[in-house]
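Okay, structure first, notes after.
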Amino acid sequence: MGANSQILSVLEYMEREKGIARSDMIETISEAIRVAALKSVNAGHDVRIEINPKNGNLQAWAVFEVVDSVSDPKTQIHLSKALLVDENARIGSVIEKEIDPALLGRIAAQTTRQAIMQRIRFFEREKLYDDFKGRVGDIVSGTIRNIDGGNLYIDVNGAEAIMPARERIRGEEFTIGERIRCLLLKLDPANRDAELILSRSHVNFVLRLLEIEVSEIADGSVAVKGIAREPGYRTKISVCANDKNIDPVGACVGARGVRIKSIVRELNGEKIDVIRYSDDPEKLLIEAIKPAVPKNIRVDHGARRIYFEVAEGDLAVAIGKRGLNAKLTSRMMNWKLDISKENATLPENFGEKFERAAAGLHGITGVGDEQAKKLVAAGITDIDAFEGVSVDDLVEVGFEADEAQKVLDSVQNFCKKVEKRDERQGVSVGQAIGPR
Numbered sequence: 022m023g024a025n026s027q028i029l030s031v032l033e034y035m036e037r038e039k040g041i042a043r044s045d046m047i048e049t050i051s052e053a054i055r056v057a058a059l060k061s062v063n064a065g066h067d068v069r070i071e072i073n074p075k076n077g078n079l080q081a082w083a084v085f086e087v088v089d090s091v092s093d094p095k096t097q098i099h100l101s102k103a104l105l106v107d108e109n110a111r112i113g114s115v116i117e118k119e120i121d122p123a124l125l126g127r128i129a130a131q132t133t134r135q136a137i138m139q140r141i142r143f144f145e146r147e148k149l150y151d152d153f154k155g156r157v158g159d160i161v162s163g164t165i166r167n168i169d170g171g172n173l174y175i176d177v178n179g180a181e182a183i184m185p186a187r188e189r190i191r192g193e194e195f196t197i198g199e200r201i202r203c204l205l206l207k208l209d210p211a212n213r214d215a216e217l218i219l220s221r222s223h224v225n226f227v228l229r230l231l232e233i234e235v236s237e238i239a240d241g242s243v244a245v246k247g248i249a250r251e252p253g254y255r256t257k258i259s260v261c262a263n264d265k266n267i268d269p270v271g272a273c274v275g276a277r278g279v280r281i282k283s284i285v286r287e288l289n290g291e292k293i294d295v296i297r298y299s300d301d302p303e304k305l306l307i308e309a310i311k312p313a314v315p316k317n318i319r320v321d322h323g324a325r326r327i328y329f330e331v332a333e334g335d336l337a338v339a340i341g342k343r344g345l346n347a348k349l350t351s352r353m354m355n356w357k358l359d360i361s362k363e364n365a366t367l368p369e370n371f372g373e374k375f376e377r378a379a380a381g382l383h384g385i386t387g388v389g390d391e392q393a394k395k396l397v398a399a400g401i402t403d404i405d406a407f408e409g410v411s412v413d414d415l416v417e418v419g420f421e422a423d424e425a426q427k428v429l430d431s432v433q434n435f436c437k438k439v440e441k442r443d444e445r446q447g448v449s450v451g452q453a454i455g456p457r
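Numbers 22 to 457, taken from the working numbering, label the letters of the sequence shown in order.
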């Protein structure tokens, strides 16, 4: 009765505390005992195990094949003896003889405990996967249980999760016992520390916070068209409304900024820029680069590249600390940006600048006016821009192969002449071309 009582206690505990069905545990224990029997004092016997789910009563039977000549007494039984157990026994059939479970021995008991613990861990991992597989990409809350090497170990609804140091926001500090919100980044069964991998630095963490705070995003009235993030520094988001009566930026910011301030607090001061989206890249740039004012904008749709200038006073704002503002704007727009300082002494529009650059290249002997314009249109605006340019490059922008070779030869000859003339004056080749 002692063993039966223990089994029943295990079944009840696992069902109540771990959520593992009694039938699954019975299958696990039965299989563990069967396998353990092969390593017991009576090693080699194949057994069948049954456990009563109501009272935990365990029964065991040794399984034998009926033969007319016994070669392995642990797995075979002679027909004459088999008929004493089962009058319907026939050669080739299988009979079972009930045995005392205690005969399985101490080794079987130890092996059974180990197998049960392994199976329990498997069930727990499987249950964890079932509980959280539908929540990957969502925000979860938990309590920090340990901090080790920059990694945070977090209890999420009874499951242990880990936020690796690389997924933390730089500069954030936490203490054990503190509540925390994170993005459930992925499930990693191969991770020995914890299967739930969390993140606060992923861009989708901000996106999910927006969906929670901004009901218009959650219900689809406002759509996020682009988002880029540098964790701990700034996030840029472009939004548009699917309802003409909704102001998408106002919806995200909220009355007196209450919605966006809530997200900024969660991110410990990370700045959030909400920008009105436009299909016109020039208009989107103007919104995204504020308070800097882009000038002389040129859009290359084929290369998805935008060239523009800003006033000297706006340059630091447009580029940002460590170039992050420009990088975020580029990633949010999904366009490459080329920013340069406006020439304060000679303001000009793009057309004037194009003509001036073309006139400069036309000054090279052997380069015609149409060729010069074609070069400028391809982004080769001065002699320095020819560095690394090949015949194939010029062919790609519309030159014939022999024409491209002549242009490159003309440029090379011009450079040699200019270098000889100006080497004592310290004047660069690029400065020697065209009016300034």
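C-beta atoms are modelled at their ideal positions from N, C-alpha and C, and glycine is treated no differently.
For residue i, name the three-state secondary structure that DSSP assigns.
{"i": "F195", "result": "coil"}
{"i": "G77", "result": "coil"}
{"i": "D121", "result": "coil"}
{"i": "E147", "result": "helix"}
{"i": "D209", "result": "coil"}
{"i": "K8", "result": "In the structure displayed, the chain extends from 22 to 457; residue 8 sits before or after that span and is not available."}
{"i": "E36", "result": "helix"}
{"i": "S351", "result": "helix"}
{"i": "I404", "result": "helix"}
{"i": "L217", "result": "strand"}
{"i": "L415", "result": "helix"}
{"i": "V235", "result": "coil"}
{"i": "N109", "result": "coil"}
{"i": "R189", "result": "coil"}
{"i": "A393", "result": "helix"}
{"i": "V448", "result": "Caution applies to V448, whose pLDDT of 37 falls short of 50 and renders its modelled position unreliable; the value that the coordinates give is listed next. Three-state DSSP puts V448 in coil, outside helix and strand."}
{"i": "L367", "result": "For L367, the predicted structure reports a pLDDT of 44, less than 50, and the residue's modelled location is therefore unreliable. A value from the coordinates is still provided. L367 falls in the coil class under three-state DSSP."}
{"i": "S431", "result": "helix"}
Can you list, in chain order, the residues of its chain with a C-beta nearer than 8 Å to that of residue i? Leave out the 5 residues immediately preceding and following it.
{"i": "T164", "result": "I175, D176, G198, E199, R200 and I201"}
{"i": "Y254", "result": "E291, K292, K342 and L345"}
{"i": "D335", "result": "P312, A313 and V314"}
{"i": "R251", "result": "Strictly speaking, residue 251 in this sequence is Glu, with Arg absent from that position. Once the five neighbours on either side are set aside, the close Cβ partners of E251 are L345, K348 and L349."}
{"i": "Y150", "result": "L208, P210 and E216"}
{"i": "L305", "result": "S259, I296, Y298, S299 and M354"}
{"i": "L29", "result": "N76 and G77"}
Which partner residues does residue i have in the DSSP bridge list?
{"i": "V87", "result": "I98"}
{"i": "F329", "result": "I360"}
{"i": "D321", "result": "R326"}
{"i": "A244", "result": "C261"}
{"i": "E251", "result": "R255"}
{"i": "S162", "result": "R202"}
{"i": "Y174", "result": "N167 and I183"}
{"i": "R69", "result": "W82"}
{"i": "R297", "result": "V260"}
{"i": "K316", "result": "E330"}
{"i": "Q115", "result": "Gln is not the amino acid found at residue 115; the sequence shown has Val there. In the DSSP output, where bridge partners are listed per residue, V115 has E86."}
Is it right to say residue i is buried, meaning 16 or more other beta carbons lie within 10 angstroms of its own, or is it exposed?
{"i": "Q27", "result": "exposed"}
{"i": "T196", "result": "exposed"}
{"i": "G158", "result": "exposed"}
{"i": "R485", "result": "Residue 485 cannot be examined here, being either before or after the span of the chain that is shown, 22 to 457."}
{"i": "V235", "result": "buried"}
{"i": "S351", "result": "buried"}
{"i": "V428", "result": "buried"}
{"i": "A339", "result": "buried"}
{"i": "E421", "result": "exposed"}
{"i": "L105", "result": "exposed"}
{"i": "F143", "result": "exposed"}
{"i": "V279", "result": "exposed"}
{"i": "K75", "result": "exposed"}
{"i": "P302", "result": "buried"}
{"i": "T402", "result": "buried"}
Return the chain-ordered list of same chain residues with a C-beta closer than 6 Å to the C-beta of residue i, the five sequence neighbours on each side being excluded.
{"i": "L415", "result": "A425"}
{"i": "M35", "result": "I41 and M46"}
{"i": "L382", "result": "V388, A393 and L396"}
{"i": "E71", "result": "Q80"}
{"i": "K246", "result": "S259, C261 and Y298"}
{"i": "D423", "result": "none"}
Counting only beta-carbon separations shorter than 9 Å, does residue i have a partner in chain C?
{"i": "S26", "result": "Of the chains in the structure shown, none is chain C; there is only one protein chain."}
Can you give me the Cβ contacts of residue i inside the same chain, cut-off strictly under 7 Å, excluding the 5 residues immediately before and after it?
{"i": "P269", "result": "V243, V260, C261, A262 and R297"}
{"i": "D93", "result": "none"}
{"i": "I116", "result": "F85, V87, I98, A103, V106, D107 and A110"}
{"i": "E232", "result": "I238 and A239"}
{"i": "V448", "result": "Annotation note: pLDDT 37 at V448 (below 50); position unreliable, coordinate value reported separately. Correct list: empty, nothing qualifies."}
{"i": "L358", "result": "I327, A347, T350 and S351"}
For the ligand FMN, I want to know if residue i counts as a neighbour, meaning its beta carbon is within less than 8 Å of at least one of the ligand's heavy atoms.
{"i": "M184", "result": "The ligand FMN is absent from the structure shown, which contains no ligand whatsoever."}
- Tell me, please, whether the stretch 183 to 194 touches the stretch 207 to 226 by the rule of three or more beta-carbon pairs shorter than 8 Å. yes
- Task: Would you check if the stretch 329 to 344 and the stretch 308 to 317 touch, i.e. whether three or more CB-CB distances between them fall below 8 Å?
- Result: yes
- Kindly confirm or deny that the stretch 100 to 110 and the stretch 70 to 80 touch, where touching means at least three C-beta pairs closer than 8 Å. no
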